[in-house]
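Chains as they are written, first to last, in my numbering: chain A, 63 to 168; chain B, 40 to 381.
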């Protein structure tokens, strides 16, 4: 179990308990965090679950894999700390992580 | 425009559910044509996640999305369906004789007795890049596809993206355009390595300029772009002068022209009854992810079930005078003959 905080573009904070083995995208969808669309359902085939990972978790979750990096080409306002939340696995290591949701998904 | 194609049923969408409809309809001697905006069968399975495994297809503990499409294509082969790819059904009207007339954006026309909408999440259309005010330039100086290369002759063309479409058009338009600038958010391209090499050679020769960055906004007036404002990788703003912009940001699904066919919709889905899977318009059916009814879940296997039940209703439209005899493929010699196994 890990606690994840999502901050949406308007500044609203959503604190969510995410199950180990699930993804940061799934935890957002299950808890109705707005702004994460996940159009493809987690197949790393769209870029509509884009988030910005806050320090110090950027290092902990690591950089995107090549396929995810390709998908990020379709994202909106992609930054160095951009990730697709469907590709971040939940584990105790990311407990307390804060991610920001962009003001639009592509 | 050529003469209309006469058929029993037109299936809108060639995803897994549209493909399985060919099988169910075919067993019941109902001929069909399929129309899909993609250039191959499979819908989302082929376009979004071909290599991904699916675990909930009955009888297959695990099968890739493309594997499932290949199997479906093999299964419907005996019925020789005709596919019309890379086009979208634009209009649908009821004819005075009770049949339907359909026209695609490529000018193909059909006359049919029933229509089956198996359009999934809608039609795949180019994604609009996240640039404020871009709508004002669309169709005049911002294009999502190249219809005629001549439109780009002598133009300062800005191509945005890093995939095959972007790179292919850099290579193809370079000889005709006045200048070509390729803009991508990183100096790494997912396009075919051969195209990337060719592009890099043109950049080295000074024939194409390559800029790493993201578009912030467009400048121009009356629909005519004059420049793109770009933020480079170090967050500096710069302007790229251009008269044509070609953004390639992938595809997204939109309901599209279905919304104009006079069918009742509920939040971009088509409500149907669960006995016939018919829409508010008699003779027009909707199955798979695009429909909605109490208890609906968007699973491929549910779409298959819907295809089987829809077929029973369509049979009564195509053969109003015949009594439908329900048969099993396991034991019916007439079904086995149709499948070519007897």
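Glycine included, every Cβ here is placed at the ideal spot set by N, Cα and C.
So which residues on chain A does residue i lean against when the C-beta distance must stay under 7 angstroms?
{"i": "residue 289 of chain B", "result": "136"}
Out of the options, state which residue places its alpha-carbon closest to the alpha-carbon of residue i.
{"i": "residue 199 of chain B", "options": "B:239, B:269, B:133, B:156", "result": "B:269"}
{"i": "residue 156 of chain A", "options": "A:85, A:76, A:74", "result": "A:85"}
{"i": "residue 77 of chain B", "options": "B:123, B:118, B:297", "result": "B:123"}
{"i": "residue 106 of chain B", "options": "B:81, B:60, B:97, B:116", "result": "B:81"}
{"i": "residue 314 of chain B", "options": "B:258, B:165, B:96, B:324", "result": "B:324"}
{"i": "residue 89 of chain B", "options": "B:55, B:63, B:60", "result": "B:55"}
{"i": "residue 126 of chain B", "options": "B:109, B:137, B:144, B:110", "result": "B:144"}
{"i": "residue 135 of chain B", "options": "B:128, B:151, B:71, B:129", "result": "B:151"}
{"i": "residue 53 of chain B", "options": "B:218, B:255, B:115", "result": "B:115"}
{"i": "residue 97 of chain B", "options": "B:332, B:344, B:41", "result": "B:344"}
{"i": "residue 301 of chain B", "options": "B:212, B:133, B:118", "result": "B:133"}
{"i": "residue 62 of chain B", "options": "B:47, B:138, B:118", "result": "B:118"}
{"i": "residue 252 of chain B", "options": "B:216, B:283, B:201, B:320", "result": "B:201"}
{"i": "residue 224 of chain B", "options": "A:64, A:98, A:141", "result": "A:141"}
{"i": "residue 126 of chain A", "options": "A:158, A:97, A:91, A:143", "result": "A:143"}
{"i": "residue 407 of chain B", "options": "B:190, B:346, B:340, B:250", "result": "Summary: the structure shown does not reach residue 407 of chain B, with chain B confined to residues 40 through 381, and so no result is reported for it."}
{"i": "residue 162 of chain B", "options": "B:51, B:352, B:190, B:146", "result": "B:51"}
{"i": "residue 95 of chain A", "options": "A:134, A:116, A:112, A:154", "result": "A:112"}
{"i": "residue 115 of chain A", "options": "A:107, A:109, A:108, A:124", "result": "A:124"}
{"i": "residue 195 of chain B", "options": "B:228, B:209, B:159", "result": "B:209"}
Run through chain B and tell me which residues come within less than 9 angstroms of residue i, C-beta to C-beta.
{"i": "residue 168 of chain A", "result": "166, 167, 168, 169, 288, 289, 291"}
{"i": "residue 102 of chain A", "result": "83, 87, 88"}
Using a C-beta to C-beta distance shorter than 7 angstroms, which residues of chain B count as neighbours of residue i?
{"i": "residue 132 of chain A", "result": "229"}
Residue i touches chain A at which residues, Cβ-Cβ below 9 angstroms?
{"i": "residue 224 of chain B", "result": "134, 135, 137, 140"}
Just checking my contact of residue i with residue j at CB under 8 angstroms: how many whole Å lie between their CB atoms?
{"i": "residue 67 of chain A", "j": "residue 77 of chain A", "result": "5 angstroms"}
{"i": "residue 60 of chain B", "j": "residue 157 of chain B", "result": "6 angstroms"}
{"i": "residue 207 of chain B", "j": "residue 180 of chain B", "result": "Not a contact, Cβ separation roughly 20 angstroms."}
{"i": "residue 105 of chain A", "j": "residue 91 of chain B", "result": "5 angstroms"}
{"i": "residue 254 of chain B", "j": "residue 170 of chain B", "result": "5 angstroms"}
{"i": "residue 388 of chain B", "j": "residue 262 of chain B", "result": "In this structure chain B extends from 40 to 381, so residue 388 of chain B is not present and cannot be described."}
{"i": "residue 248 of chain B", "j": "residue 220 of chain B", "result": "5 angstroms"}
{"i": "residue 58 of chain B", "j": "residue 111 of chain B", "result": "4 angstroms"}
{"i": "residue 87 of chain A", "j": "residue 71 of chain A", "result": "The pair is not a contact, with the Cβ atoms about 17 angstroms apart (cut-off 8 angstroms)."}
{"i": "residue 71 of chain B", "j": "residue 120 of chain B", "result": "6 angstroms"}
{"i": "residue 303 of chain B", "j": "residue 318 of chain B", "result": "7 angstroms"}
{"i": "residue 69 of chain B", "j": "residue 48 of chain B", "result": "6 angstroms"}
{"i": "residue 133 of chain A", "j": "residue 146 of chain A", "result": "6 angstroms"}
Anything in chain B within Cβ reach of residue i, meaning under 8 angstroms, just list it in chain order.
{"i": "residue 80 of chain A", "result": "Those within 8 angstroms of residue 80 of chain A in chain B number zero; the least Cβ separation is about 22 angstroms."}
{"i": "residue 105 of chain A", "result": "87, 88, 91"}
Spatial neighbours of residue i within its chain, please: C-beta separation below 6 angstroms, excluding the five flanking residues on both sides.
{"i": "residue 239 of chain B", "result": "none"}
{"i": "residue 148 of chain B", "result": "43, 142"}
{"i": "residue 330 of chain B", "result": "309, 311"}
{"i": "residue 296 of chain B", "result": "129"}
{"i": "residue 363 of chain B", "result": "354"}
{"i": "residue 45 of chain B", "result": "150"}
{"i": "residue 182 of chain B", "result": "285"}
{"i": "residue 349 of chain B", "result": "316, 324, 326"}
{"i": "residue 166 of chain A", "result": "138"}
{"i": "residue 93 of chain A", "result": "78"}
{"i": "residue 379 of chain B", "result": "117"}
{"i": "residue 97 of chain A", "result": "70, 163"}
Spatial neighbours of residue i within its chain, please: CB distance less than 7 angstroms, with the 5 preceding and 5 following residues excluded, ordered by chain position.
{"i": "residue 139 of chain A", "result": "164"}
{"i": "residue 89 of chain A", "result": "66, 78, 80, 152"}
{"i": "residue 374 of chain B", "result": "66, 366, 368"}
{"i": "residue 167 of chain B", "result": "173"}
{"i": "residue 277 of chain B", "result": "269, 271"}
{"i": "residue 128 of chain A", "result": "none"}
In chain A, which residues lie with their C-beta within 8 angstroms of the C-beta of residue i?
{"i": "residue 262 of chain B", "result": "By Cβ distance, chain A contributes nothing, its closest Cβ being about 23 angstroms from residue 262 of chain B, past 8 angstroms."}
{"i": "residue 200 of chain B", "result": "135"}
{"i": "residue 253 of chain B", "result": "139, 140"}
9 angstroms is my cut-off, CB to CB: does residue i come that close to chain E?
{"i": "residue 121 of chain B", "result": "Absent from the structure: chain E. Protein chains present are A and B."}
Note down, in chain order, each residue of its chain lying with its Cβ closer than 8 angstroms to the Cβ of residue i, except the 5 sequence neighbours on either side.
{"i": "residue 25 of chain B", "result": "Residue 25 of chain B falls outside the range modelled here, since chain B spans only 40 to 381, and no answer is possible."}
{"i": "residue 356 of chain B", "result": "152, 153, 322"}
{"i": "residue 213 of chain B", "result": "219, 241, 246, 247"}
{"i": "residue 231 of chain B", "result": "203, 206"}
{"i": "residue 256 of chain B", "result": "170, 171, 172, 267, 268"}
Original post:
Fully enclosed by the region 285-323 of chain B, which beta strand (DSSP E) runs are 3 residues long or longer?
Top reply: 290-293
Subject >> Those runs of the beta strand (DSSP E) which lie wholly inside the region 180-222 of chain B and span at least 3 residues >> reply: 195-199
Original post:
What are the uninterrupted segments assigned as beta strand (DSSP E) that are 3 or more residues long and contained completely in the region 54-90 of chain B, given in chain order?
Top reply: 71-74
**OP:** Only counting runs of 4 or more residues, tell me where the alpha helix (DSSP H) segments fall wholly within the region 74-144 of chain A, in order along the chain.
**Re:** 86-92, 119-123, 128-134
**OP:** At 3 residues or longer, and completely inside the region 236-290 of chain B: list those beta strand (DSSP E) runs for me, N to C.
**Re:** 248-260, 263-271, 276-280, 283-286
**OP:** Could I get the ranges of all uninterrupted alpha helix (DSSP H) runs contained in the region 140-187 of chain B, with 4 residues as the minimum, in chain order?
**Re:** none
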